[in-house]
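Trainee: Using our numbering, read the sequence shown as starting at 2 and increasing by one per residue.
Backbone N, C-alpha and C define an ideal beta-carbon position, used for all residues, glycine too.
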Amino acid sequence: METMTGLDAKFLYSETPTAHMHTVKVVVSDVSALKGEFSFDPLIEILADQLGRLPPFRRRVVPVPWGLGHPVWVEDPEFDLKRHISRRVLAGPACDRELAAVVADFAGTPLARDRPLWELLVVEGLVGGRIAVVAKIHHAVADGSAVVALLQNVVQGADVEQSREPDADSWRPEPLPTRRELLRMAAHDHVLRWKGLPRFVVQSARQARASEARRRSFAVKPPLPLHHIPKTSFNVSLTSERTFAMTKLPLEDLKSIRRTAGTTLNDVYLCVCAGALRRYLLDSGELPARPLVASVPVSTDPNVARMSGNRVDNLYVSIGTDIADPVQRLEHIRSMTAASKEVRSVLGHNLFEQRADFVPPQIYHSAVRLWTRSHIADRVHPPLNVVLSNVAGPRERIFFGPIQLEALYSVGPILEGIGLNITAWSYVQTLGVSLLGSPVSVPDPWLIVDALHVALEELGDAIGTEALADH
Numbered sequence: 002m003e004t005m006t007g008l009d010a011k012f013l014y015s016e017t018p019t020a021h022m023h024t025v026k027v028v029v030s031d032v033s034a035l036k037g038e039f040s041f042d043p044l045i046e047i048l049a050d051q052l053g054r055l056p057p058f059r060r061r062v063v064p065v066p067w068g069l070g071h072p073v074w075v076e077d078p079e080f081d082l083k084r085h086i087s088r089r090v091l092a093g094p095a096c097d098r099e100l101a102a103v104v105a106d107f108a109g110t111p112l113a114r115d116r117p118l119w120e121l122l123v124v125e126g127l128v129g130g131r132i133a134v135v136a137k138i139h140h141a142v143a144d145g146s147a148v149v150a151l152l153q154n155v156v157q158g159a160d161v162e163q164s165r166e167p168d169a170d171s172w173r174p175e176p177l178p179t180r181r182e183l184l185r186m187a188a189h190d191h192v193l194r195w196k197g198l199p200r201f202v203v204q205s206a207r208q209a210r211a212s213e214a215r216r217r218s219f220a221v222k223p224p225l226p227l228h229h230i231p232k233t234s235f236n237v238s239l240t241s242e243r244t245f246a247m248t249k250l251p252l253e254d255l256k257s258i259r260r261t262a263g264t265t266l267n268d269v270y271l272c273v274c275a276g277a278l279r280r281y282l283l284d285s286g287e288l289p290a291r292p293l294v295a296s297v298p299v300s301t302d303p304n305v306a307r308m309s310g311n312r313v314d315n316l317y318v319s320i321g322t323d324i325a326d327p328v329q330r331l332e333h334i335r336s337m338t339a340a341s342k343e344v345r346s347v348l349g350h351n352l353f354e355q356r357a358d359f360v361p362p363q364i365y366h367s368a369v370r371l372w373t374r375s376h377i378a379d380r381v382h383p384p385l386n387v388v389l390s391n392v393a394g395p396r397e398r399i400f401f402g403p404i405q406l407e408a409l410y411s412v413g414p415i416l417e418g419i420g421l422n423i424t425a426w427s428y429v430q431t432l433g434v435s436l437l438g439s440p441v442s443v444p445d446p447w448l449i450v451d452a453l454h455v456a457l458e459e460l461g462d463a464i465g466t467e468a469l470a471d472h
């Protein structure tokens, strides 16, 4: 039993009936070459065998009475694998759009809090003899980097030393703590936390002044949340329903642009997303004069073997949607991300996590609920426009038992007033890109998918033309 960190708990407090704080993973595999027809039951047996490699999947959240402290993780004494897995057999052969509709429906329901915070849906009947395993994993359980480590830990031929493979027989359920035990733990945590408050206040004030001074020193200044952020159709109050789409981009094309332009792969990805969003908003007649501002999650933990928890910070980046030329837009993003990284470094990447520890759970949760119920997001300018995330996934092909993984997609949650998340996970030689929205913010995400391919082609052509001209 252990107390959740403030940052992990914040994802629980942020959840509302319309903002579900789980991430969604989609693993597509070709099972047509298996001997005999695919069977659901053996897949469950494989997963059961692998649970020893997935420590967070048996931990359950137990709240502290009256919200007087952060919840605790407990090895669930009532764990039942069958409560976490379901199946859906499509009439088939179903295409990617039909699979995406299933994923959207699955993503639109929250995870139950009376069991470990994950759920799997096996989707059968896809075109080409494929199946999909769709996972919902609460963000409180793991961030993108931790999920990659979890995935790596169950692959065939995983490096045991690197992944720190646990003994499958070492898991032991725990009795649920009593109210007195929970309150005692909360009181102990509060004493330690509040002892450090004066130092935290002084340190955060000093770092905030230094980071703002650094921000002002740049010719291209990183944006501030809530400060002159344009309003778009993405930035509205949500419903519980979700829309979803996915696509694959050739990773080598992005790497080629990176090499020619002398920038980072993430900058190229952000530029492609910016080009797609510019085209989408132009086509709908709502492209704002001010550039969109994206939240770009970044990992703050170099430990690639970490398999649970959140170690993330966010960069705030103006993505140049007001710039028509893709090469100029890429240069703008390169300068912007470099400046934003420096500003966040001066501020301190751990400040985000430390601040979450000091915010009282009742106050934070009440504020989030009020924001949702009042529909204020429909009437005010948003804190930012869109979430754009890029996670380095497995570089080699992986297997789930005898089943080879063909494609991998992942996407994080959307929030009130921030109704679009575009997340990329690399896998071997492709970049799997997923879009999550709501019918009120992104009615047809496939329009943005199409625009992503156009934006990549335009950027590649422009970079190639300039490279040839220079020679």
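Rounded to the nearest angstrom, what separates residue 190 and residue 255 at their Cα positions?
Mentor: 46 Å
Trainee: What residue ranges within the segment 362 to 445 form continuous alpha helix (DSSP H) runs of no fewer than 4 residues, ordered along the chain?
Mentor: Within the segment 362 to 445, the complete alpha helix (DSSP H) runs of at least 4 residues are 362 to 374.
Trainee: Counting along the chain, where does the beta strand (DSSP E) carrying residue 154 start and finish?
Mentor: From DSSP, residue 154 is part of no beta strand (DSSP E) but of the alpha helix (DSSP H) over 145 to 154.
Trainee: Who are the Cβ neighbours of residue 258 in its own chain at under 7 Å, not counting the five residues just before and after it?
Mentor: 269, 460, 461 and 464
Trainee: With a threshold of 8 Å, are at least 3 pairs of Cβ atoms found where one atom belongs to the segment 280 to 292 and the other to the segment 227 to 242?
Mentor: yes
Trainee: If you count every other CB in all the chains shown that lies within 10 Å of the CB of residue 67, and 16 or more means buried, which is it?
Mentor: Residue 67 is exposed by the Cβ-count criterion.
Trainee: Quick one: residues in its chain with C-beta nearer than 8 Å to the C-beta of residue 30, no 5 flanking neighbours on either side, listed in chain order?
Mentor: Closer than 8 Å at Cβ, skipping near neighbours: 131, 132, 133, 134, 401, 404, 405, 406 and 407.
Trainee: From residue 347 to residue 89, what does the alpha carbon distance come to, in whole angstroms?
Mentor: 49 Å
Trainee: How many Å lie between residue 304 and residue 314 at the Cα?
Mentor: 15 Å
Trainee: Do residue 457 and residue 250 have their CB atoms nearer than 9 Å?
Mentor: yes
Trainee: Whose CA, out of 126, 393, 392 and 435, lies closest to the CA of residue 412?
Mentor: 435
Trainee: Does the Cβ-Cβ distance between residue 337 and residue 450 come in under 9 Å?
Mentor: no
Trainee: Is DSSP giving residue 350 helix, strand or coil here?
Mentor: coil
Trainee: Closest by CA to residue 235, which one among 79, 111 and 385?
Mentor: 385
Trainee: Quick check: the Cα distance between residue 48 and residue 73, rounded to an integer number of angstroms?
Mentor: 26 Å
Trainee: Check whether the segment 207 to 223 touches the segment 411 to 429, taking contact to mean three or more Cβ pairs, one atom from each stretch, closer than 8 Å.
Mentor: In short, these stretches do not touch, since the Cβ pair count stays below three.
Trainee: With DSSP as the reference, identify every bridge partner of residue 316, one or two as the case may be.
Mentor: Residue 316 is bridged by DSSP to 297.
Trainee: Can you grab the Cα-Cα spacing for the pair residue 124 / residue 92, in whole Å?
Mentor: Rounded to the nearest angstrom, the gap between the Cα atoms of residue 124 and residue 92 is 11 Å.
Trainee: Roughly how many angstroms lie between the CA atoms of residue 7 and residue 193, to the nearest whole one?
Mentor: 13 Å
Trainee: Note down, in chain order, each residue of its chain lying with its Cβ closer than 7 Å to the Cβ of residue 78, except the 5 sequence neighbours on either side.
Mentor: 174, 175, 176 and 177
Trainee: Mind checking who residue 1 pairs with in its DSSP beta bridge?
Mentor: Coverage of the chain is limited to positions 2 through 472, which leaves residue 1 absent and any answer about it impossible.
Trainee: How big is the Cα-Cα spacing for residue 415 and residue 215?
Mentor: 30 Å
Trainee: In terms of DSSP beta bridges, what is residue 49 paired with?
Mentor: When DSSP reads this structure, residue 49 sits in no beta bridge, so it has no partner.
Trainee: Measure the alpha-carbon distance for residue 455 versus residue 56 and round it to whole angstroms.
Mentor: Residue 455 and residue 56 have their C-alpha atoms roughly 41 Å apart.
Trainee: Give the single residue among 104, 4, 296 and 19 whose Cα lies nearest to the Cα of residue 28.
Mentor: Out of 104, 4, 296 and 19, 104 has the C-alpha closest to the C-alpha of residue 28.
Trainee: On the premise that residue 187 lies in contact with residue 286, defined as a C-beta separation below 8 Å, what is that separation, rounded to the nearest angstrom?
Mentor: Rounded, the Cβ-Cβ distance is 52 Å, inconsistent with contact.
Trainee: Taking residue 465 as part of the alpha helix (DSSP H), name the residues at either end of that continuous run.
Mentor: From DSSP, the alpha helix (DSSP H) with residue 465 extends over 447 to 471.
Trainee: Beta carbon of residue 309, beta carbon of residue 143: below 9 Å?
Mentor: In this structure, residue 143 lies closer than 9 Å to residue 309 by Cβ.
Trainee: Tell whether a beta-carbon distance below 9 Å holds between residue 421 and residue 381.
Mentor: No, Cβ-Cβ distance for residue 421 and residue 381 is not below 9 Å.
Trainee: Give me the Cα-Cα distance between residue 453 and residue 266, rounded to the nearest whole angstrom.
Mentor: Distance between the alpha carbons of residue 453 and residue 266 is about 15 Å.
Trainee: Could you check the C-alpha separation between residue 169 and residue 50 for me, to the nearest Å?
Mentor: Since pLDDT at residue 169 reaches only 47, below the 50 mark, its modelled position is unreliable, and no value is offered.
Trainee: In whole angstroms, what separates the C-alpha of residue 299 from that of residue 350?
Mentor: So the two alpha carbons sit approximately 9 Å from each other.
Trainee: When the cut-off is 9 Å and only beta carbons count, does residue 313 lie next to chain B?
Mentor: Going by chain labels, chain B is absent from the structure shown, which holds only one protein chain.
Trainee: Under a three-way DSSP split, which group does residue 114 fall into?
Mentor: coil
Trainee: Just to confirm my understanding: we take residue 345, look at its own chain, exclude 5 residues before and 5 after, and list those with CB closer than 7 Å. What are they?
Mentor: 314 and 316
Trainee: Specify, as a first and last residue, the run of the beta strand (DSSP E) that residue 139 falls within.
Mentor: Membership of residue 139 in the beta strand (DSSP E) is indicated by the continuous run 131 to 139.
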